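The next block holds one structure in the form of structure tokens; read it before the comments.
In this note's numbering, the protein residues as written are 369 to 515.
See below:
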């Protein structure tokens, strides 16, 4: 099972908004780049807007970043699109046999490890901002959005 693709799509959306500041990034335009339905893009943009990462105006096509790319971390994006709840990245099976010595204690043995792993991942995401992602994309594409 993967972490929701909303996270990667949200990063994709925000990167397009930054790299296409001079143009109009409609949901159709972004959906073509992501290769998905514009409805999916609008839903995720709504989540990003609610989190204060993008600005949208009713009746006006397109969106734009609400903050500088250097002020938006991957952790902000991760939280904005509700990828997972705190301490729930790794699922735990609920109904272990409590008469079994392993079944009785397995959850208490692995939950702290899972929690530490999620925190480590979140710390990594906190250390990377959108500006870095945009820079990596620009380095790969010479800053050109369409061929």
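Ideal Cβ positions, reconstructed from N, Cα and C, are used throughout, including at glycine.
Computed from a predicted structure; not experimentally measured.
With at least 16 other beta carbons inside 10 angstroms of its own, residue 384 counts as buried. In this structure, residue 490 places its C-beta atom within 7 Å of the C-beta atom of residue 443. Linking residue 415 to residue 448 through their CA atoms gives a straight-line distance of about 6 Å. Residue nearest to residue 496 within the set 450, 474 and 379 is 379 (criterion: CA-CA distance). Note: residue 441 is bridge-paired with 497 in the DSSP secondary-structure output. Cα atoms of residue 417 and residue 460: separation of roughly 32 Å, rounded to the nearest angstrom.
For residue 433, the uninterrupted beta strand (DSSP E) segment begins and ends at 431-433. Beyond the five residues adjoining it in sequence on each side, residue 404 comes within less than 8 Å, by CB distance, of 377 in the same chain, given in chain order.
Under the DSSP assignment, residue 408 falls in the alpha helix (DSSP H) whose first and last residues are 406-418. Listed in chain order, the non-local C-beta contacts of residue 434 below 7 Å within the same chain comprise 420, 421, 422 and 423, local neighbours out to five positions each way being set aside. Where residue 452 is concerned, there is no enclosing beta strand (DSSP E), because DSSP gives it neither an H nor an E.
Bridge partners of residue 423 according to DSSP: 432. With respect to residue 438, residue 499 sits close: the two C-beta atoms are nearer than 7 Å. Residue 395: member of the alpha helix (DSSP H) spanning 395-402, first to last residue.
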